[in-house]
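S.K.: Take this structure first; my questions come after.
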Amino acid sequence: MSKRLIRMGIDVGGTHTKAVAIDNSTNEIVGKVTLKTTHSHPDGVARGVVLAFEQCMRENHIDPDDVVFVAHSTTQATNALIEGDVAHVGIIGIAGGGLEGLLAKGQCRIPNISLGDTKEIKTTNAFITKKKFSPELIREIITELKGQGVQVIVPSMAFGVDDEQYEKIIYAIAKEMGLLTTMASEITKLYGLTRRTRTAAVNASILPKMLHTANSTEKSVREAGVKVPLMIMRGDGGVMEIEEVKKRPVLTMLSGPAASVMGSLMYLRASNGIYFEVGGTTTNIGVIKNGRPGIDYMIIGGHQTYINSLDVRVLGVAGGSMVRATKEKVIDVGPRSAHIAGADYAVFTDEAEIIDPQVEFFSPKEGDPADYVAIRLQNGKRIAITNTCAANVLGLVDEQYFSHGNRDAAAKAMAPLAKLLQITVQELAQQILLKSYEKIMPVINGFIQKYRLEKDQISLVGVGGGAAALIGFCAEKLDLKYSIPENAEVISSIGVALAMVRDVVERVIPNPTKEHIRAIKQEVVNKAIESGAVPDSIEVHIEIDPTTSKVTAIALGSNEVKSKELMKECTQEEARVIAGADMGIKEEETRLLARNRNLYVFGGKSDGNVRPIRILDKNGFIKVQRSEGKAVVSKACDYQETVKQIWNSLSAFHADAILRPDYYICVNAKVMDYSGSISLENMLMIMDLEIQMLNPEDEIIIVGTKNKL
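The sequence shown begins at 155 in our numbering and counts up one residue at a time.
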């Protein structure tokens with residue numbers, strides 16, 4: 155019998171730390187463990203990570219030698235900033251003389267960075283010109299900064315992304331003097347001295363705490379006998395080795411929501427969607443486009459940084475959000491939850507307990523408005539009416555989901571409030587969910603506009619224990635499809651266990667050449683290797699923003715043992731059924747336009763050879779969903795002519811704009827995404843880097859899709 159190989163994923167939540175063990179060959183979940191998150195332990199949440207890991211191995215008889223991958227999400231970086239548990243940062247600015255020095259001195263002088271609720275990152279600034287730069291002077295400056303309480307150093311030089319030598323000298327001296335350091339040029343390669351310096355300062359402020367956590371977690375995992383590198387979830391949906399976390403801990407911000415969306419993608423057949431991570435108190439909402447999560451720069455203290463993370467909106471409305479009302483109507487739902495108020499949900503209360511229920515208005519916490527509704531029972535117990543209660547009353551929660559409870563108990567508890575408002579219990583439930591929907595709807599519509607999602611392609615994906623309480627009602631109101639993936643309650647841990655190594659390099663390159671693109675591609679490949687990816691597994695996606703001249707290279711790769719596909723291969727006929735259902739057309743109208751050994755391209759009815767397009771992989775996952783497009787099989791040597799023909803035929807001309815088509819090229823199992831680029835010249839230059847690796851006679855599938863306003 156072959157040896158069982160296991161991937162371990164641990165997700166750290168505010169209440170629970172959950173671990174899953176997944177068979178690397180079949181992706182079957184072979185074990186689950188849930189423990190209380192260890193906030194008060196001297197090692198913090200790191201202790202819970204280790205306990206969950208060890209218990210999962212012990213209960214499921216997993217030998218340490220069987221573990222080929224272990225990773226965890228972390229709340230440490232986020233919590234450190236929220237709680238103000240940060241180090242005092244000393245910033246040393248460097249620049250040339252004259253006007254450059256005058257401007258740079260102001261741009262790299264960063265005031266204290268607000269973290270909200272009177273908490274802040276304290277900064278102390280120093281500045282030196284290159285003409286006066288010397289190791290002796292740097293030692294004097296660092297000694298003076300230490301005397302003012304500085305605990306970490308940030309060297310930041312004007313145009314430092316082009317010349318790192320001065321920052322590296324300061325780094326070496328600070329290390330020699332016992333101080334941790336973040337070089338601004340190491341965090342990002344983008345220009346913008348103020349923003350780059352601020353981003354480095356945020357990273358430096360959490361270095362001491364994160365270094366302690368990383369070291370203690372790594373030590374415990376090693377003591378458990380696991381020899382593979384410990385990986386940590388990044389906020390942009392990838393993972394990186396713990397050694398990289400020790401240098402760039404800020405990249406782990408929002409790694410919890412990132413774990414959820416990556417877990418969702420493992421089960422999501424559609425490539426475009428809005429995902430809900432619904433807890434008891436808050437709901438995280440984000441976007442998936444073309445099979446990738448939406449990424450944006452994080453805002454801290456009201457200022458943008460260069461920290462790439464999931465583009466997430468956090469709303470104070472979730473499964474446990476309590477009703478707020480007057481004696482005439484429901485006025486709001488949330489942000490306080492039943493958990494915060496220490497009250498059980500009515501829907502999870504024994505119906506026999508609900509005797510003589512009475513409406514009671516109260517403030518959950520000091521300073522809260524006194525219009526939150528509780529139901530006082532005859533036995534003195536106070537319970538809450540929540541979104542979950544309302545959804546169960548309306549029959550929207552299937553019994554397979556975590557949110558399912560006693561519908562009759564919820565209705566019985568809601569009856570006195572309905573009577574007070576002179577409406578039925580059903581009408582009360584509708585009003586409650588409608589108030590929640592009114593908060594969620596603008597966020598979803600905002601994402602649709604921001605990411606130019608085609609509404610007929612969107613699917614809502616619900617994860618987290620409270621998903622079923624909200625997603626069905628919202629999907630119906632928005633007229634969208636929705637799904638709740640299998641194992642939704644441990645979806646984050648699954649996302650951690652199956653995550654890929656990810657790294658990003660961004661540079662401002664006016665008029666980029668093929669040599670520029672090749673260089674940035676190699677740079678991001680090297681960074682992905684440093685983060686733990688196997689070179690042969692790495693794929694790179696290049697984006698060029700013509701308005702800002704920003705070139706972005708995104709690398710994705712696997713660690714030493716690549717996980718196999720999540721689902722069994724489907725036949726061509728099964729793929730046709732999936733594509734037809736997603737396009738909303740009859741099976742007989744779903745036509746196979748092209749295929750290779752790993753990918754299918756299906757289309758609907760033809761209208762001048764332009765039709766809805768779906769690209770599916772051999773497992774039935776929809777990689778591309780577009781409403782208008784065409785597919786052409788071409789030899790590699792002829793691809794440019796095909797691309798140019800599609801460019802002309804699929805361009806959309808409007809009074810004030812010309813919308814050029816997006817392209818996808820299918821080679822073997824890869825779908826190379828060239829969407830979002832405006833210049834045909836730039837697009838062909840990027841394509842060339844991939845196509846020139848093929849034999850001239852190799853066949854590729856070129857898919858062009860039409861863009862709409």
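We put the CB at the ideal spot given by N, CA and C, even for glycine.
1. So what's M416 in DSSP terms, helix, strand or just coil?
2. Classify D552 as helix, strand or coil using the three-state DSSP reduction.
3. Pick helix, strand or coil for P596, following the three-state DSSP scheme.
4. Out of V221, P265 and R814, which has the shortest C-alpha to C-alpha gap to G456?
5. Could you check if F223 is buried or exposed, using at least 16 other CB atoms within 10 Å of its CB as the buried criterion?
6. Would you report the Cα separation of V797 and S788, rounded to the nearest angstrom?
7. Take L571 as the anchor and find which of R478, P596, A748 and E520 has the nearest alpha-carbon.
8. Terminal residues of the continuous beta strand (DSSP E) containing S646?
9. What does the Cβ neighbour count give for R606, buried or exposed, with the cut at 16 atoms within 10 Å?
10. Spell out a yes or no on whether the region 666 to 674 and the region 641 to 649 are touching, meaning 3 or more CB-CB pairs, one atom from each, closer than 8 Å.
11. Apart from the five residues just before and just after N279, which ones in its own chain have a Cβ nearer than 6 Å to its Cβ?
12. Determine whether the beta carbon atoms of I698 and I454 lie at a separation below 8 Å.
13. Can you list, in chain order, the residues of its chain whose CB lies under 7 Å from that of A645, leaving out five sequence neighbours each side?
14. Helix or strand or just coil, what does DSSP make of F867?
15. On the CB-based measure, 16 or more other CB atoms within 10 Å of its CB, does D657 come out buried or exposed?
16. Can you tell me which of the three DSSP states D525 falls into?
17. By how many angstroms is the C-alpha of I732 removed from the C-alpha of A741?
18. Taking the alpha-carbon positions, what's the A500 to K363 distance?
19. Near R293, which residues of its chain fall below 8 Å by C-beta distance, leaving aside the five closest residues on each side in sequence?
20. Exposed or buried, E719, counting other C-beta atoms within 10 Å across all chains shown (16 or more means buried)?
21. Quick check on the DSSP output: the beta strand (DSSP E) that includes R749 runs from which residue to which?
22. Rounded to whole angstroms, how far is the Cβ of V597 from the Cβ of R467, which I believe are closer than 8 Å?
23. For T232, which residues in the same chain have their Cβ closer than 6 Å to its Cβ, ignoring the five residues on either side in sequence?
24. So for C820, helix, strand or coil by DSSP?
25. With DSSP as the reference, please indicate the residues paired to K190 in a beta bridge.
26. Can you have a look at K759 and say buried or exposed, based on whether 16 or more other CB atoms are within 10 angstroms of its CB?
27. Taking E208 as the reference, give the member of M162, I461 and T180 with the closest Cα.
28. Does the count of Cβ pairs from the region 423 to 438 and the region 524 to 534 closer than 8 Å reach three?
29. R111 lies in the alpha helix (DSSP H); which residues open and close that run?
30. For S833 versus P700, is the C-beta distance shorter than 8 Å?
31. Taking Cβ positions, are L747 and G757 nearer each other than 8 Å?
32. Give a yes or no on whether the C-beta atoms belonging to G473 and S374 are separated by under 8 Å.
33. Given a threshold of 16 other Cβ atoms within 10 Å of its Cβ, counted over all protein chains shown, does S517 qualify as buried or as exposed?
34. According to the neighbour-count rule (16 or more other Cβ atoms, all chains shown, within 10 Å of its Cβ), is T272 buried or exposed?
35. Can you give me the start and stop residues for the alpha helix (DSSP H) that Q779 sits inside?
36. At the level of alpha carbons, what is the spacing between E213 and V187?
M.R.: By the coordinates alone:
1. helix
2. coil
3. helix
4. Considering only alpha carbons, the answer is P265.
5. Its Cβ being crowded by 16 or more others within 10 Å, F223 is buried.
6. 10 Å
7. R478
8. Run containing S646: none in the beta strand (DSSP E); it sits in the alpha helix (DSSP H), I645 to A651.
9. exposed
10. No, they do not touch.
11. Cβ within range, chain order: I245 and R263.
12. no
13. Inspection of the sequence shows that residue 645 is occupied by Ile rather than by Ala. If we look at I645 and ignore the five residues flanking it on each side, its Cβ neighbours are S414, G417, S418, V617 and P639.
14. What is shown of the chain runs 155 to 863, which leaves residue 867 out entirely.
15. buried
16. In the structure shown, D525 sits in coil (DSSP, three-state: anything other than H, G, I, E or B).
17. Correcting the residue type first, residue 741 is Glu in the shown sequence and not Ala. Cα to Cα, the separation comes out at about 9 Å.
18. 40 Å
19. Within the same chain, Cβ atoms closer than 8 Å to the Cβ of R293 are found at I327 and M331, the five residues on either side in sequence being excluded.
20. For E719, the pLDDT reaches just 48, beneath the cut-off of 50, and the residue's location in the model is therefore unreliable, leaving the point undetermined.
21. R745 to R749
22. 5 Å
23. M407
24. strand
25. H170
26. exposed
27. M162
28. no
29. The shown model of the chain, from 155 to 863, leaves out residue 111, and the question about it has no answer.
30. yes
31. yes
32. no
33. exposed
34. exposed
35. No alpha helix (DSSP H) holds Q779; the beta strand (DSSP E) holding it covers I776 to K789.
36. 9 Å
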